[in-house]
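In the working numbering, the protein residues as written are 179 to 655.
Here is the structure we will look at.
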Amino acid sequence: MTSPVRVRFAPSPTGYLHVGSAHSALANWLFARQNDGQFLLRIEDTDAERNRPELIDNVLEMLRWLGLEWDGEPVHQSDRGDLYRQAAARLVSAGAAYYCSCTGEDVQERNRQAGGKPGYDGFCRDRNLEAGPGRALRFRTPVEGRTGWTDLVRGEISFANADIEDFVVLRGNGAPMFLLANAFDDADMGITHVIRGEDHVNSTPKYLMLLDALGLAAPKAFAHMPLLVNEGRKKLSKRRDDVSVADYRSRGYLAEAMVNYLALLGWGPADGVEVRPIAEILELYRLEDVNASPAFFDQKKLSFVNAEKIRALPTEAFLAAAEPFLTRGEPARAALTSLATEVQERVRTLDEIEPMIEFLVVDEVTFDEASWAKVITKGRNVAEMVDATVAELEAVVNSPDGAAGWTPDALQAAVSAAAVKAGLVNAEGAPQLSKAQGPVRLAVSGRSVGPPLWESLAVLGPERTLARLRELRARLG
RNA sequence: GCCCCCAUCGUCCAGCGGCCUAGGACGCCUCCCUUUCAAGGAGGUAACACGGGUUCGAAUCCCGUUGGGGGUGCCA
Numbered sequence: 179m180t181s182p183v184r185v186r187f188a189p190s191p192t193g194y195l196h197v198g199s200a201h202s203a204l205a206n207w208l209f210a211r212q213n214d215g216q217f218l219l220r221i222e223d224t225d226a227e228r229n230r231p232e233l234i235d236n237v238l239e240m241l242r243w244l245g246l247e248w249d250g251e252p253v254h255q256s257d258r259g260d261l262y263r264q265a266a267a268r269l270v271s272a273g274a275a276y277y278c279s280c281t282g283e284d285v286q287e288r289n290r291q292a293g294g295k296p297g298y299d300g301f302c303r304d305r306n307l308e309a310g311p312g313r314a315l316r317f318r319t320p321v322e323g324r325t326g327w328t329d330l331v332r333g334e335i336s337f338a339n340a341d342i343e344d345f346v347v348l349r350g351n352g353a354p355m356f357l358l359a360n361a362f363d364d365a366d367m368g369i370t371h372v373i374r375g376e377d378h379v380n381s382t383p384k385y386l387m388l389l390d391a392l393g394l395a396a397p398k399a400f401a402h403m404p405l406l407v408n409e410g411r412k413k414l415s416k417r418r419d420d421v422s423v424a425d426y427r428s429r430g431y432l433a434e435a436m437v438n439y440l441a442l443l444g445w446g447p448a449d450g451v452e453v454r455p456i457a458e459i460l461e462l463y464r465l466e467d468v469n470a471s472p473a474f475f476d477q478k479k480l481s482f483v484n485a486e487k488i489r490a491l492p493t494e495a496f497l498a499a500a501e502p503f504l505t506r507g508e509p510a511r512a513a514l515t516s517l518a519t520e521v522q523e524r525v526r527t528l529d530e531i532e533p534m535i536e537f538l539v540v541d542e543v544t545f546d547e548a549s550w551a552k553v554i555t556k557g558r559n560v561a562e563m564v565d566a567t568v569a570e571l572e573a574v575v576n577s578p579d580g581a582a583g584w585t586p587d588a589l590q591a592a593v594s595a596a597a598v599k600a601g602l603v604n605a606e607g608a609p610q611l612s613k614a615q616g617p618v619r620l621a622v623s624g625r626s627v628g629p630p631l632w633e634s635l636a637v638l639g640p641e642r643t644l645a646r647l648r649e650l651r652a653r654l655g
């Protein structure tokens, strides 16, 4: 009988959920689900000054959106202050911690005089100070030996105890510090595997020393995930980089794409198939196979994965996913529905949908400058083409079928005939549709690129199509 | 400064001593297909940081150098 796996994701509510945090959360979730274990959540809000309770909601909402469902109720460290203080008291009575009256300036000043080396110098270590206002409690680190652990991602890691300074476990105001709360809770919650970012490697020996002094069992293993970095190879930061998961959602990325892409950072499936269902990733992912080196968060590749996921959606699901991105109401919805598969194949993110169909919804076309230059300025026989197209389309409308004849096929035939009339033909006399469609597309959409033209014109309808062609013709003079 | 970690194409991965004249994916470029744009198809570009070992044999193991990153808070 092996003890069940219990892992946790422990965000600090000091900002919106970050893609780097999501990367670690995903690793925890995958590991828990693979081992029939528990994936727990702990909100590390011990720093009352920096906490923003509303950010907790964002973190939970994003985890849910990503599909990283957790087990049980989230634990809030702000509810557990007494437990940490009790643990601290045990440290004191065991002689593993001492009170310190040094201020930050004191320490800095002494360090400056000692040659500028940072870190606490142990000034109060043997002063036997009583607890008192403003006095922090410091952990008495061992002077000899080494502290190490087995890391699933990095192998064996160890630190010389002598290199580790006496760190603060309780602030001068009695509030517990991160390490005390973090280590105590992991033991208290029965965490078996600690999976977190590489930035925690250096604090792990302190964590282990604390558990040892408290007589609590250490987790079976750690896994320090590679950091996600920007193009400058620096750790992703809230200030400089696009790191908010919520922002990616609002820019039209699918949760499935984000999760799939995140899994690919630091890891790759043996068969080389990168874009695949999460269920398959769940089967294949191994922490032992995760790379230890930092990985660049490449938005281009994320977009590629997103486009693949969008294309793979059933039409109904695509329309549902598009819904929140449609700001122009029913007309936009109708336009998208009639061109759904054409649009679906062409967007990389959901926020590209509306711009692509906007010309079917607006009353007046606005001309894109670059498109105008490409089609009108550089094109040839433009006026002739527009005139011929108007004539051919009027013929379609006036045909016995009337409006019922306004079909993609008929429209293609009409534009082809217009191309011939306008002299836009190849050596064999066949219409050059690649050139002929330019002015027509520009007239109806204001742009030189867009969804397939015949289908677009069919949706636009005869009245608007002809009006827009005449409008363009008038501008040409 | 000190401590810890890392080191294969621009980027993300594969490679875990011989199958490597190093493979895939994104990106970029070319061509094909084609009503634009996408998608799709066919190609191309491009890497084992360096120096020592170990070994019959090293991208793979060891050491060093260099480079990069992280940590060094009474933040988490």
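Even glycine gets a Cβ: it sits at the ideal position worked out from N, Cα and C.
Source: prediction; values computed, not measured.
Local conformation of Pro191 per DSSP, three classes:
Looking at Pro191 - three-state DSSP - the assignment turns out to be coil, as it is neither helix nor strand.
Hey, quick one: how far does the alpha helix (DSSP H) through His378 stretch, first residue to last?
Neither: His378 is in no alpha helix (DSSP H) and is coded neither H nor E.
Of all the options Gly368, Pro578 and Ser415, which has the alpha carbon lying nearest to the alpha carbon of Asp377?
Of the candidates Gly368, Pro578 and Ser415, the one whose C-alpha sits nearest the C-alpha of Asp377 is Ser415.
At a cut of 8 Å, does the segment 541-556 reach the segment 607-626 through at least three beta carbon pairs?
Yes, they touch.
Would you kindly work out how many angstroms separate the C-alpha atoms of Met179 and Met367, rounded to a whole number?
Confidence at Met179 is low in this model, with a pLDDT of 48, below 50, so the placement of that residue is unreliable and no value is reported for it.
Measure how close the beta-carbons of Ala266 and Val347 come, nearest whole angstrom, since I'm counting them as under 8 Å.
Yes, they are in contact, since the Cβ atoms of Ala266 and Val347 sit about 6 Å apart, within 8 Å.
Relative to the alpha-carbon of Arg305, which residue among Ile335, Pro296, Ser336 and Gly273 has its alpha-carbon at the smallest distance?
Looking at the Cα atoms, Gly273 is the closest of the given residues.
Considering only C-alpha positions, which residue in the set Pro311, Leu315, Arg220 and Leu517 is nearest to Tyr298?
The option with the nearest alpha carbon to Tyr298 is Leu315.
Please classify Ser190 as buried or exposed, where buried requires at least 16 neighbouring CB atoms within 10 angstroms.
That one is buried.
Boundaries (first-last residue) of the beta strand (DSSP E) holding Trp550:
Not the beta strand (DSSP E): Trp550 falls in the alpha helix (DSSP H), residues Glu547 to Trp550.
Tell me whether Thr555 sits in a helix, a strand or coil according to DSSP, three-state version.
Here Thr555 sits in helix by DSSP.
For Ile531, I'd like the list of residues in its chain whose CB is within less than 8 Å of its CB, leaving aside the five on either flank, ordered along the chain.
Listed in chain order, the non-local C-beta contacts of Ile531 below 8 Å within the same chain comprise Gly430, Ala500, Phe503, Leu504, Leu514, Val521 and Val525, local neighbours out to five positions each way being set aside.
Rounded distance between the beta-carbons of Val539 and Ala510, thought under 8 Å:
In this structure, Ala510 and Val539 form a Cβ contact; the two beta carbons are roughly 5 Å apart against a cut-off of 8 Å.
What residue does the beta strand (DSSP E) around Ile335 start on, and which one ends it?
Per DSSP, Ile335 is one residue of the beta strand (DSSP E) stretching across Gly333 to Ala338.
Should the segment 382-396 be regarded as contacting the segment 317-336, the criterion being three or more beta carbon pairs within less than 8 Å?
Put simply, the segment 382-396 touches the segment 317-336. At least three CB pairs are less than 8 Å apart.
Is it buried or exposed for Val597, if we count other Cβ within 10 angstroms and need 16 for buried?
As written in the sequence, residue 597 is Ala, which differs from the Val given in the question. Buried.
Our contact map puts Ala401 next to Ile369 with C-beta atoms below 8 Å; I'd like the distance itself, whole angstroms only.
At roughly 12 Å, the Cβ-Cβ gap does not stay under 8 Å, so Ala401 and Ile369 are not in contact.
Tell me the DSSP bridge mates of Ala275?
Beta-bridge pairing links Ala275 to Phe317.
Straight-line CA distance for Leu208 to Met436?
For the pair Leu208 and Met436, the Cα-to-Cα distance works out to about 14 Å.
When the Cβ atoms of the segment 223-230 are set against those of the segment 351-363, are three or more pairs found closer than 8 Å?
With contact defined as three or more Cβ pairs closer than 8 Å, the segment 223-230 and the segment 351-363 are in contact.
Is it right to say Arg464 is buried, meaning 16 or more other beta carbons lie within 10 angstroms of its own, or is it exposed?
Per the 10 Å Cβ criterion, exposed.
Enumerate, from N- to C-terminal direction, the unbroken alpha helix (DSSP H) stretches of 4 or more residues contained entirely within the segment 378-463.
If we require 4 residues or more, the alpha helix (DSSP H) runs fully inside the segment 378-463 come out as 382-392, 423-428, 433-441 and 456-462.
For Ile459, which residues in the same chain have their Cβ closer than 6 Å to its Cβ, ignoring the five residues on either side in sequence?
Taken in chain order, the residues that qualify are Ala441.
Could you round the C-beta distance between Leu589 and Ala652 to whole angstroms and report it? I think they count as a contact, below 8 Å.
Wrong, their Cβ atoms sit about 22 Å apart, outside the cutoff.
Would you check if the distance between the CB atom of Ala399 and the CB atom of Thr325 is smaller than 7 Å?
No, they are not a contact pair.
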